[in-house]
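Asker: Have a look at this one.
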Amino acid sequence: MRAIWDNIKGLYSLLVGMKITIVFLFSPRKTVHYPRKVVERENVENYRGPLELTRGKKDPAKTPCISCQLCVKACPGNCITVVKGKEGKAPSLWTYDFSYCCLCGACVETCPTGALAFSHRVYMVAKSREELLLDLLADLDDRVKKSPQLEAKTDAKSDAKSEAKTDSKADAKAGAPAKKDGEEPSPA
Amino acid sequence: MELSLLYFVKILVAVLAIIALMVGNAIVMVYVERKAAGFIQRRPGPYEVGPWGTLQAIVDSMKLLAKQIFVPANADYILFFLAPILAFFPVLLLFLPIPFGPYLTSWETPDGIILILAFAGFGVLSNLLGGWASNNKYGVLGAARAVSQSIAYEIPLILALLAVIYQAGTLNLSEIVEAQGSWPWQWNLVCQPLAFFIYLVSLVAETNRAPFDLPEAESELTAGFHTEYSGMGFALFFLAEYANMLLVSFVCATFFLGGYKGPILDGFWWTFIKAYLVMFFIVWIRWTFPRVRFDQLLNINWKWLLPLSLLNLWVTAIVIKVIG
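Residue numbers (our numbering), protein chains in the order written: chain B, 2 to 189; chain G, 23 to 346.
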């Protein structure tokens, strides 16, 4: 008797499911046609693309990296190479092999100055393995060239340990990397 | 039945029109189905070929025409090619007694529904032959499932139709339509709701559509009985599936939804509107429900549909005896 009643209740759940799909059938699409349109910025906020160096608090043109090598040791895939420069603590070479990176985030967590962050480059394309060996200092210079005036706002990002993303942060990030995302699909 | 030349020409024209209907239906329904699947999953569906992807189904069928027909080693050569033909051609015959409009019946026969139910068995036979002849374990499993499923579901399907036949007192499909009124509350849907529900469930199982598509369950059997078919062999199975869907939709419209009768202006358009609503329903539930397990499938049939349809038939018979 109980089983019979359960089966009849089950029929009701079928109707609920059918209602959901018919509503979805007539509601707007959630995906975009890729080559013509790209995903909006806020949809890729939590996307883990390749690493990028954040911009310094005092001098937005420079990285806050102090070449402490903690990220190099934390990396399970040994994909980071940091060479300290001659003057001060700033690195002279900062390369990162994206083909070995498992995007675990250990480097981002361990960085004492918050110099590392995941970029949101959804449409990154590489045609050879060598292209995945990224020079992050050059990448930082590119971004600085594109928007040198982007100042104190980037500070929010340097606090990589705070997971919660505030509105100001989202606004700040919408600058340089966003433009880059927009451009990448076109050659592809 | 006089066998004049005119009669012969009429049947010939009807068969040609039915072939055109079947192929056109398959092309339109493939597009509608893929588009509906996309929309239900909140994505655009086919979009690239032609405006809004409308040419996608045509391009796909061109691809199937051009593909190499591959025969697996140790396959039964004759049966392997016989199966898709046997799947497709009997369906032509099944459309003959269907009254599309008041004067638009290909072959007015007093035993229309018997013809349909008898020749519908060929679909199962072709699945069995196709699965067996491919010399493939998935094929054999799919064929075995097709047979046990179709045999099981044919019983409640026939019993559900039988309740309507009792009511109308005829096996002729045109007369069954005539026995119903023009307005929706005069249709058999209202006085035989249980039979309608049983028929609706059984037709999904009978046409091997999700959630009862166990003979071709992709996740378990790659493609079930048509795993080894490529090119036109596969296309014929595909056409037959859509033609079978169309057929059961037309039978549903004729038996339960008043056929060609509508509130205004009786005609073949009502049959088509109703049949395509049923088709849409089949597509809709395909993209809503997950596939059932095989024991669940048979449990639904033997423990629910069969007793319910017998009960329905019994009550119908008593009510007819008391009233009439």
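Using N, Cα and C, we set each Cβ at its ideal position, and we do this for glycine too.
Based on the DSSP output, what are the partners of LYS107 (chain B) in its beta bridges?
Answerer: For the record, residue 107 (chain B) in the displayed sequence is Ala; it is not Lys. According to DSSP, which records beta bridges pairwise, ALA107 (chain B) is partnered with nothing at all.
Asker: DSSP three-state label for GLY123 (chain G), please.
Answerer: Three-state DSSP puts GLY123 (chain G) in a strand.
Asker: Run the proximity test for LEU279 (chain G): is its beta-carbon closer than 7 angstroms to any non-hydrogen atom belonging to the ligand ATP?
Answerer: Here there are no bound small molecules, and the ligand ATP is not part of this structure.
Asker: Which residues, in chain order, does the region 218-229 of chain G contribute to contact with chain B at a C-beta distance below 9 angstroms?
Answerer: none
Asker: I'd like the list of long-range same chain contacts for VAL300 (chain G), defined as Cβ closer than 7 angstroms, with 5 residues on each side in sequence excluded.
Answerer: SER271, CYS274, ALA275
Asker: In chain order, what residues of the same chain lie with their CB nearer than 6 angstroms to the CB of ALA190 (chain G), ignoring the 5 residues before and after it?
Answerer: Hits under 6 angstroms: ILE198, ALA201.
Asker: Would DSSP call SER93 (chain B) helix, strand or coil?
Answerer: strand
Asker: Helix or strand or just coil, what does DSSP make of VAL337 (chain G)?
Answerer: The three-state secondary structure of VAL337 (chain G), taken from DSSP, is helix.
Asker: Which chain B residues are close to PRO66 (chain G), counting only those with a beta carbon under 8 angstroms from its beta carbon?
Answerer: ARG30, THR32, HIS34
Asker: State the Cα-Cα distance for the pair ILE49 (chain G) and ILE21 (chain B), rounded to the nearest angstrom.
Answerer: 27 angstroms
Asker: Establish whether the CB of GLY18 (chain B) and some CB of chain G are separated by less than 8 angstroms.
Answerer: yes
Asker: If distances are taken between C-alpha atoms only, which option among G:ASN230, G:LEU258, G:PHE117 comes closest to VAL146 (chain G)?
Answerer: G:ASN230
Asker: Determine the DSSP secondary structure at GLU238 (chain G), reduced to helix, strand or coil.
Answerer: helix
Asker: Among the candidates B:HIS121, B:LEU52, B:CYS105, B:GLY115, whose CA atom is the shortest distance from the CA of ALA75 (chain B)?
Answerer: Among B:HIS121, B:LEU52, B:CYS105, B:GLY115, the Cα nearest to that of ALA75 (chain B) is on B:CYS105.
Asker: Nearest chain B C-beta to PHE234 (chain G) closer than 8 angstroms, yes or no?
Answerer: no
Asker: Excluding the 5 residues flanking PHE260 (chain G) on each side, which residues of the same chain have their C-beta closer than 6 angstroms to its C-beta?
Answerer: none
Asker: Closer than 8 angstroms, CB to CB, is LYS90 (chain B) near chain G or not?
Answerer: no
Asker: Counting only beta-carbon separations shorter than 8 angstroms, does ILE62 (chain G) have a partner in chain B?
Answerer: yes
Asker: Count the other CB atoms within 10 Å of the CB of ALA139 (chain B); is the residue buried (16 or more) or exposed (fewer)?
Answerer: exposed
Asker: What number of angstroms, rounded off, separates the C-alpha of GLN70 (chain B) from the C-alpha of LYS85 (chain B)?
Answerer: 9 angstroms
Asker: So ASP288 (chain G) packs on PRO124 (chain G), CB below 8 angstroms; how close in whole Å?
Answerer: 6 angstroms
Asker: Name, in chain order, the residues that DSSP records as bridge partners for GLU53 (chain B).
Answerer: Bridge partners of GLU53 (chain B): B:ALA118.
Asker: Where does LYS87 (chain B) fall in DSSP's three states?
Answerer: coil
Asker: For LEU332 (chain G), which residues of its own chain have a beta-carbon under 7 angstroms away from its beta-carbon, when the five flanking residues on both sides are left out?
Answerer: LEU181
Asker: Buried or exposed: which applies to SER68 (chain B), given that a residue is buried once 16 or more other Cβ atoms fall within 10 Å of its Cβ?
Answerer: So SER68 (chain B) counts as buried.
Asker: Determine the extent of the alpha helix (DSSP H) in which ALA179 (chain G) is found, giving its start and end residues.
Answerer: Note on identity: in this sequence residue 179 (chain G) is Leu, with Ala being the wrong assignment. Residues 159-190.
Asker: Identify, in the order they occur along the chain, each residue of the same chain with its Cβ nearer than 6 angstroms to the Cβ of ILE340 (chain G), setting aside the five sequence neighbours on each side.
Answerer: For ILE340 (chain G), where only same-chain residues beyond five positions count, there are no Cβ hits under 6 angstroms.
Asker: At a Cβ cut of 8 angstroms, what residues of the region 278-312 of chain G count as close to chain B, listed as they run along the chain?
Answerer: TRP306, ILE307, TRP309, THR310, PHE311
Asker: With a threshold of 16 other CB atoms inside 10 Å of the CB of ARG144 (chain B), please say whether the residue is buried or exposed.
Answerer: So ARG144 (chain B) counts as buried.
Asker: Could you name the residues of the same chain whose beta carbon sits closer than 7 angstroms to that of TYR328 (chain G), not counting the 5 residues immediately before and after it, in chain order?
Answerer: It should be pointed out that residue 328 (chain G) corresponds to Leu in this sequence rather than to Tyr. Excluding residues within five positions, the ones whose Cβ falls inside 7 angstroms are ILE177, PRO178.
Asker: Might you give, ordered along the chain, the residues of its own chain that have their beta carbon closer than 8 angstroms to the beta carbon of LEU183 (chain G), omitting 5 neighbours on each side?
Answerer: ILE135, LEU139, ALA217, TYR221, VAL273, PHE277
Asker: Using a Cβ cut-off of 9 angstroms, pull out every chain B residue sitting near TYR69 (chain G), in sequence order please.
Answerer: Close partners of TYR69 (chain G) in chain B (Cβ separation under 9 angstroms): HIS34.
Asker: Looking at the C-beta of ALA174 (chain G), does it have a partner C-beta in chain B at a distance below 8 angstroms?
Answerer: no
Asker: Would a C-beta distance cut-off of 8 angstroms place THR96 (chain B) and CYS72 (chain B) closer than the cut-off?
Answerer: no
Asker: Which residues of chain G have a Cβ atom closer than 9 angstroms to the Cβ of LEU15 (chain B), listed in chain order?
Answerer: ILE307, THR310, PHE311
Asker: Quick one: Cα of ALA62 (chain B) to Cα of GLU53 (chain B), how far?
Answerer: 14 angstroms
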